[in-house]
Amino acid sequence: MQPPINKLLIDLQEQLNFINIEIDDPIVACEQAIEITLKSLEQLKKFVLKRKFKSTNEEINFFKEIKPQFSSKFIYYNKIYKMETKRPYGGQRVVKKFYRNELRKLKLFFDSELEFYRYFRTGSNYLDHKYFVRGKLDVKLSLNSFYFESDKNFATTHSYKVAKIIAHDLLQVYLEDKLLLLENKQPNQKSQVNPKIKQNWTGSKVALIELLYALHSEGVFNNGASDLKDIAAYFEDTFNINLGQYHRAFLEIRMRKGDRTKFMTSLKESLKKRMDNSDE
């Protein structure tokens with residue numbers, strides 16, 4: 001990946017991480033995420049159109065691996081925005097039915113694109129020269145109508161399908177998390193934790209989520225028998241914070257292109273510095 005493109009993607013991901021963690025209202029978060037993602041796509045388009053690909057392989061790599069990382073985010077947040085703006089008001093039963101129906105729609109998409117889904121998931125490349133090279137139009141390849149409405153200088157017949165697959169994977173996580181929260185929601189239940197001095201978490205949510213997963217992975221609670229959701233609930237009560245969709249946040253952490261354990265690295269450096277200062 002070209003350095004300017006890599007930086008553009010890292011910057012986009014960091015901005016989206018901030019929005020996902022710090023803004024609790026999904027509609028407001030999606031509005032901001034869509035705006036930011038569209039700007040990044042426009043910058044990406046300008047960069048690509050100003051230069052020529054050095055080889056067919058470079059062009060294939062861009063439309064198969066790079067551009068979908070940007071466009072999938074637009075598809076993802078646009079879909080959530082549409083879902084949340086039409087989500088019905090009512091009790092848990094009504095809302096759960098709504099989210100389950102959205103999950104069924106995802107399955108229908110994967111079923112309808114099963115042949116290409118298998119091709120992409122298995123890492124196949126024997127049709128890449130048709131799928132991911134501009135101008136290679138073949139009506140026998142099950143084209144999406146979006147291709148005919150797009151700029152042919154910045155699209156191939158199947159780059160949009162790759163983006164949809166990535167976006168729908170994220171949507172599945174989002175919907176499953178929503179259903180999990182509804183299943184475990186007990187509004188009248190009070191925590192037994194009652195420390196004398198309440199400690200409020202004043203760092204970022206994404207940092208606490210990184211810590212949450214690190215401690216759970218290490219198995220430091222109840223000899224590793226504690227469930228992640230129980231630890232998350234304990235953290236929320238102890239530190240007076242709502243972690244929100246922490247499963248989705250962890251997925252975003254995993255997708256970081258730079259230091260994936262940014263908070264862990266910062267903790268390590270801070271502790272070493274404190275030890276060094278104490279030694280002096």
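Using full-length UniProt numbering, you'd call the opening residue of the sequence shown number 1 and step up by one each time.
Every residue gets a Cβ at the ideal spot worked out from N, C-alpha and C, and that includes glycine.
Legend entry - Start and end residues, alpha helix (DSSP H) containing Lys-26: Reading the sequence as shown, one finds Pro at residue 26 and not Lys. From DSSP, the alpha helix (DSSP H) with Pro-26 extends over 26-50.
Legend entry - Touch test, the stretch 65-80 against the stretch 10-29, Cβ-Cβ under 8 Å, three pairs minimum: yes
Inset, instruction - State whether the stretch 245-258 contacts the stretch 169-180, with contact taken as three or more CB pairs (one from each stretch) at a distance under 8 Å. - result: yes
Inset, instruction - Please state whether DSSP places Glu-59 in a helix, a strand or coil. - result: helix
Legend entry - Rounded Cβ spacing between Lys-205 and Ile-241 (contact assumed at less than 8 Å): 7 Å
Legend entry - CB contact flag (Leu-212, Phe-239, <8 Å): no
Inset, instruction - Report all residues from its chain with a CB closer than 6 Å to the CB of Leu-228; omit the five preceding and five following residues, and keep chain order. - result: Here the set comprises His-216.
Legend entry - Cα-Cα separation between Tyr-131 and Ile-165, rounded to whole angstroms: 15 Å
Inset, instruction - Determine the contact status of Lys-64 and Val-162, defining contact as a CB-CB distance below 8 Å. - result: yes
Inset, instruction - Assign Pro-68 to one of three DSSP states: helix, strand, or coil. - result: helix
Legend entry - 6 Å Cβ shell around Ala-33 - same chain, five flanking residues per side excluded: Leu-16, Ile-19, Tyr-77
Legend entry - Residue environment, Pro-26, which counts as buried when at least 16 other CB atoms sit within 10 Å: Result: buried.
Legend entry - Host alpha helix (DSSP H) of Lys-164 (start-end): 159-184
Inset, instruction - Might you give, ordered along the chain, the residues of its own chain that have their beta carbon closer than 6 Å to the beta carbon of Ala-29, omitting 5 neighbours on each side? - result: Ile-19, Ile-23
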